[in-house]
Amino acid sequence: YLVDLLGASLSRPTQRSRAISPETQVLAALGFYTSGSFQTRMGDAIGISQASMSRCVANVTEALVERAPQFIHFPEDEAAVQSLKDDFYALAGMPGVLGVVDCTHVAIKAPNAEDLSYVNRKGLHSLNCLMVCDARGALLSAETQWPGSMPDCNVLQQAALTSQFENELYKDGWLLGKSVLRLAFCWLLMEYRASRHCW
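For any residue, its number in this note's numbering is found by taking its place in the sequence shown, counting from 1, and adding 9.
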């Protein structure tokens, strides 16, 4: 499936006769993603150099990111939104739940400018990513543009997800989150509703 999906992006014209096939590139990237092994070890396992392994992982990752909006998105039609609620109700007996929300830190290399805004509270360079999953664990939303020093509640305030709820796209639904996010989200919605006098 992935080779069919990504094949056009991974087939690069080359003057050399030994271009790495899309199949091998996908295999290399999946092996690296799932094992967390060093690229040299994975490259040895499938018979390519570390440099080629690095290019394969970068190529496949870039192709996947380009196609992410096809797979990671909140549904907008009523039947699909109701299906999200039904799944959570079947799982935990909670009505109206669309998803679970949380922020997570993803480690990054230190930026060239050594920007301190990317240093999180543990002293590591990271991005603070806001994610929402459905009852099955599938991603519905992933926003990854905030530096690691930004607190979760600030991320939530600036998220596109928040404006979707403020615009009442999902007016009869809820997101579940840990206490900091839940309080921040409730506060944002109360402020918004108070400004529109629509309690």
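By construction, the Cβ of each residue, glycine as well, lies at the ideal position given by its N, Cα and C atoms.
9 Å Cβ cutoff met for residue i and residue j
i, j, result
"Leu139", "Leu165", "yes"
"Ala28", "Ile57", "no"
"Leu73", "Val141", "no"
"Val69", "Leu19", "yes"
Under the three-state DSSP convention, the category residue i falls into
i, result
"Trp208", "Low confidence applies to Trp208: its pLDDT is 39, below 50, so where it sits in the model is not reliable enough to give any reading."
"Asn137", "strand"
"Ser20", "coil"
"Leu178", "coil"
"Ala168", "coil"
"Ser63", "helix"
"Glu85", "coil"
Same chain only: Cβ atoms within 7 Å of residue i, ignoring 5 sequence neighbours per side
i, result
"Lys187", "Asp111"
"Met103", "Phe97"
"Leu14", "Arg76"
From the options, residue whose alpha carbon lies closest to that of residue i
i, options, result
"Leu178", "Asp143, Phe83, Trp155 and Gly132", "Phe83"
"Lys180", "Arg130, Glu85 and Ala116", "Glu85"
"Asn129", "Ala122, Val115 and Asn121", "Val115"
"Arg145", "Asp95, Val12, Ile55 and Gln34", "Asp95"
Close beta carbons around residue i, own chain, < 6 Å, minus the five adjacent residues each side
i, result
"Cys207", "Bear in mind that a pLDDT of 44 at Cys207, under 50, signals an unreliable position, so the number given afterwards is only what the model happens to contain. Excluding sequence neighbours, Cys207 sits near nothing in its chain."
"Gly16", "Pro31"
Any chance the segment 153-164 sits against the segment 117-137, with 3 or more Cβ pairs inside 8 Å? yes
Stretch pair the segment 84-97 + the segment 166-173: three plus CB contacts closer than 8 Å: Contact fails: fewer than three Cβ-Cβ distances are below 8 Å.
Segment contact flag, the segment 141-151 with the segment 102-109, C-beta cutoff 8 Å, min 3 pairs: Taking 8 Å as the limit for Cβ pairs, the verdict is that the segment 102-109 does touch the segment 141-151.
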